[in-house]
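Asker: For the sequence shown, the positions run 0 to 617 when numbering that gives the first Met the number 0 is used.
Every residue gets a Cβ at the ideal spot worked out from N, C-alpha and C, and that includes glycine.
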Amino acid sequence: MCLMKKSKAIHYQLDPVNANAHLLHVSCRISRPDANGQQLSLPAWIPGSYLIREFARHIVWLKAECNGEPVVVEKIDKATWRCAPVQGELLIRYEVYAFDLSVRGAYFDSQRLFFNGTSVFLQVAGQGSRACIVDILPPKADDCKGWRVATALPRLDAPKHGFGTYIADDYDELIDHPVEIGHFDQIEFKANGVAHELVIAGRHSADLKRLARDMKKICAAQIDFFGGKAPFERYVFLVLAVGDGYGGLEHRASTALICSRDDLPRKGQSGISDAYRTFLGLVSHEYFHTWNVKRIKPAAFVPYELSRENYTRLLWAFEGVTSYYDDLFLLRCGLISVDDYLKLLAQTMTGVQRGAGRQKQTLEDSSLDAWSKYYRQDENSPNSLVSYYTKGSLAALLLDLQIRRQTSGRKSLDDVMYGLWQHYLDSPRGVSETEWEQIAGQITGLPLQSLFDRLLRSTEELPLADALAAFAIELQLRPAESAADKGGKYLCDELSRLAQRPVLGVRSASDAGVVKLTHVLDGGAAQAAGLAANDVLIALDGLRVTPANLDKMIESRAAGDTLLVHAFRRDELMTFKLTLKPAAADTVALRLADQADAGQLALRQGWLGRPDNLVKSE
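1. Let me check one thing: in DSSP terms, what residues is Ile58 bridge-paired to?
2. Going by DSSP, name the residue or residues bridged to Ala464.
3. Can you check whether the CB of Gly356 is closer than 8 Å to the CB of Ser383?
4. For the pair the region 229-247 and the region 255-263, tell me if three or more CB-CB distances fall below 8 Å.
5. Grouping DSSP H, G and I as helix and E and B as strand, with all else coil, what is Trp290?
6. Lys74 to Glu53, Cα distance in whole Å?
7. Would you check if the distance between the CB atom of Leu579 and the CB atom of Leu562 is smaller than 8 Å?
8. With H, G and I counted as helix, E and B as strand and the rest as coil, what does DSSP make of Asp593?
9. Please go through the same chain and pick out, in chain order, the residues whose beta-carbon is closer than 8 Å to the beta-carbon of Gly529, but skip the five residues on each side of it.
10. Straight-line CA distance for Asp611 to Gln604?
11. Between which two residues does the alpha helix (DSSP H) carrying Cys258 extend?
12. For the alpha helix (DSSP H) containing Glu172, list its first residue and its last residue.
13. What is the rounded straight-line gap between the Cα of Leu2 and the Cα of Leu397?
14. Alpha carbons only, please: which of Phe113, Glu480, Thr517 and Val16 is nearest the one belonging to Ala584?
15. Determine the contact status of Leu447 and Glu436, defining contact as a CB-CB distance below 8 Å.
16. Considering only the beta carbon of each residue, do Ala78 and Ala55 sit closer than 8 Å?
17. Taking only the alpha-carbon atoms, compute the straight-line gap between Gly487 and Val587 and give it to the nearest angstrom.
18. Buried or exposed: Phe225, going by 16 or more other Cβ atoms within 10 Å of its Cβ?
19. With DSSP run on the structure shown, which of helix, strand or coil describes Ile442?
20. Could you say which of Ile222, Arg265, Leu344 and Phe107 lies nearest to Gly621 if we only look at CA atoms?
21. Does DSSP put Gln352 in a helix, in a strand, or in coil?
22. Name the two residues that bound the continuous beta strand (DSSP E) containing Ser40.
23. Classify Asn19 as buried or exposed, calling it buried when 16 or more other Cβ atoms lie within 10 Å of its own Cβ.
24. Counting only the same chain and skipping the five closest in sequence on each side, list residues whose C-beta sits under 6 Å from that of Ile442.
25. Could you name the residues of the same chain whose beta carbon sits closer than 7 Å to that of Leu494, not counting the 5 residues immediately before and after it, in chain order?
26. Under 8 Å, do Ile91 and Cys27 count as touching if we go by C-beta distance?
27. Report the rounded CA-to-CA distance for Arg154 versus Lys342, giving the unit in angstroms.
28. How far does the alpha helix (DSSP H) with Pro15 in it extend, from its first residue to its last?
29. So the candidates are Gln268, Asp262 and Lys266; which of them puts its Cα closest to the Cα of Phe278?
30. Am I right that Ala298 and Val430 are in contact with their C-beta atoms under 8 Å? What's the rounded C-beta distance?
31. When the distance is taken between beta carbons, is Val72 closer than 8 Å to Trp80?
32. What three-state label does DSSP hand Val502 in the structure shown?
33. Take Asp108 and list the residues in its own chain whose beta-carbon comes closer than 7 Å to its own, dropping the five residues that flank it on each side.
34. For the alpha helix (DSSP H) holding Thr361, just list the boundary residues, first then last.
35. Grab me the residues of Asn533's own chain with a C-beta within less than 6 Å of its C-beta, minus the 5 sequence neighbours each way, in chain order.
36. Pairs of beta-carbons, one from the region 319-337 and one from the region 444-459, closer than 8 Å: are there three or more?
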C-alpha cells in the first residue's frame, strides 16, 4: 500500500478486554473527519442473511475525542452517531458485547473469539471507499494464552495466524472477512493451484486429511465450472464444531460454517454417512456462493444498503440455484452416487410438497418477503410460505431439464451460469429484476417465458414427474411410512396400507417430557378439531401421551377414528374431539426407470454423469 493511501486510511483497533463479560473494546481513528461533523453507523444486517438484526444494540457505550479533548456525540437514530465538528484527527472508542454463537455476529468467551466486521466496525459516513487498517490485539487473560488468528483478511504487519495489523481496500471488503481467534486445528490444500485453508474450532476428532481431500474435489470442480480461474488468491473455511448446529454464511474469499462435531468424518471411518454428506453439501453450497451472489448479484445489492432492507425478487436465482448445484457437485466430483443424489433430490421435493405454503406464495414473492417471512418464521409458516431455497432449487432443476431436453443436450443451466459469470465478471452493476431471465433466453436460444411464469410467478404444482420422465427417471408420490420418513425410499408394496395410515396433521417437539405442538398443518385433523400451536398434549382417549408413545398411539388407530384429546392451552385444560385423517401423498421417491430409449439415456448421461454411474441399482 502506498504511503498516501495508508495515511488516508481509517484505522481500527480491536482489543478483547474481558472474555468472561464477552466485551470487546474497539477504536476508530479518522484522520480527515467531516468538517460539518462526522457521522458513523453500524450495519443493521449482514449480507447473505436477510434479516434486520440491529447489530448496534450490542454497543454498550461510545465516546469520541480530538487532540486529547472529549468531543460531543449525538445519537441520531438506533444505529447512527454524529460527532461535533473538530479540527484534527477524530478518535472514536466504543465497547461491544459479543455473545452471538452463530455465523452472523460476534462471540467472545474464554474458549474463542469470532467476529464479523458488521458487528464490530463502525462505518465512517462519506469515507466508505477509503482503505481500512485493523490492529487485532491478543486477549490478556491467562485462559487465552496461545491463541491464533484465522481469516482471509490480508495481513499488513502480522505473522501467519498471528495478531497484528490487517488491511482492506475499503469498508465493504473489511466487513466481508470473518475472523476466528482461539485454539483451532487447520490444514491447507490447493485446488487448481489456489491456496485453501480449513480451520476447525471447537472440540472434535475429525480426519483433517480426508476433509481436505474431499473438499479439494468440490473446490476444483466449481473453479473449473466457472472457467478454471478462481476470483480470489486464497480461500479460508472457518468451521465451528459444536454438539448440535448447522449453518453457513458466504464471503468473498471465505465462509463461516457451524456444524455438529458428529457431522465430521473420523479417522478410519470409511464411506460417507448421511451426516457427513450434509456437511459436504453445506461446503459446496457456500463455496458456490463465491460466484453466485458474491460476484454475480442482484442489482438491488449493488451497493448494499446496510441500514435497511434491500428488496429483490431474485433470491430464488441466488439461493435456489445454489441449492440445486450444491448436491449436484457432490455427484459430479464423485463423492456421492447417482442413487444418493436422487435420494437427496427426492427429500427436497418432499419438503416442498409437505408445505401448504407452496399453494399460496410464489417464488418471486418468497424472495421479496425474505425479510419479513422466511427469516421470521412462526407456527403458521408451513401453511403460508414456500422456501426460495428448496422450491428455488426445484425451479432450477426444471429449468435445467427443459433446456437439456429442448436442445437435445447441447445446452444446459451450466451454460446459463457460465454466461452470467462472463457477463458480470467485470461489470460494476448487478442483475436487474428481469435480466436473469433475459440472459437465460439469449444463451439457450429458447422461449422460456412460459416456464418462468409457471415456476416463479404462479402457485401451480411443479411438473416434476413429466420433466424427469424425459430422462427415464420415475417419480413416486406416496404417503409417509412414519413421522421419520423424509422421502427418498421407493416402495413397491405397502402403498395401499400407507394410504390409510392415520395422522394428526401436526408437527411437535418434546418439551420437558411432554408433547408440545409446534405447528398445526392446514387441512389436517388437529386443525379441524381446534388444536393450536403451543398446545401440550396430555391424553388420547384417557391414556397419557408422551414423546415416546405418541406415534404408536396414533398408528394403532385407523383413519376415520374419533379420539378424545386432552391438552393444556397455556394453563387451561381443554378437551377436543378429533377425527383422524389418512396420510396425504406428500412423500417423494425417485429411481432410474427399468426401460429407457437411447435419447433418454443420452440426456440422463449428460445431466448425471458417466454411463457406468447410471445403471439401475438392484
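Answerer: Reading from the atomic positions:
1. Val95
2. According to DSSP, Ala464 bridges with nothing at all.
3. yes
4. yes
5. coil
6. 15 Å
7. yes
8. coil
9. Phe575
10. Bear in mind that a pLDDT of 44 at Asp611, under 50, signals an unreliable position, so the number given afterwards is only what the model happens to contain. Taking the straight line from one Cα to the other gives about 9 Å.
11. Not the alpha helix (DSSP H): Cys258 falls in the beta strand (DSSP E), residues Ser253 to Ser259.
12. Tyr170 to Leu173
13. Since pLDDT at Leu2 reaches only 48, below the 50 mark, its modelled position is unreliable, and no value is offered.
14. Glu480
15. yes
16. yes
17. 6 Å
18. buried
19. helix
20. For the chain, the structure presents residues 0 to 617; residue 621 sits outside this window and is missing.
21. helix
22. Gln38 to Ser40
23. exposed
24. Asp414, Val415 and Gly418
25. Arg477
26. yes
27. 44 Å
28. Run containing Pro15: none in the alpha helix (DSSP H); it sits in the beta strand (DSSP E), Ile9 to Asn17.
29. Asp262
30. 6 Å
31. yes
32. strand
33. Ala18 and His21
34. First-last for Thr361: undefined, no H or E at that position.
35. none
36. no
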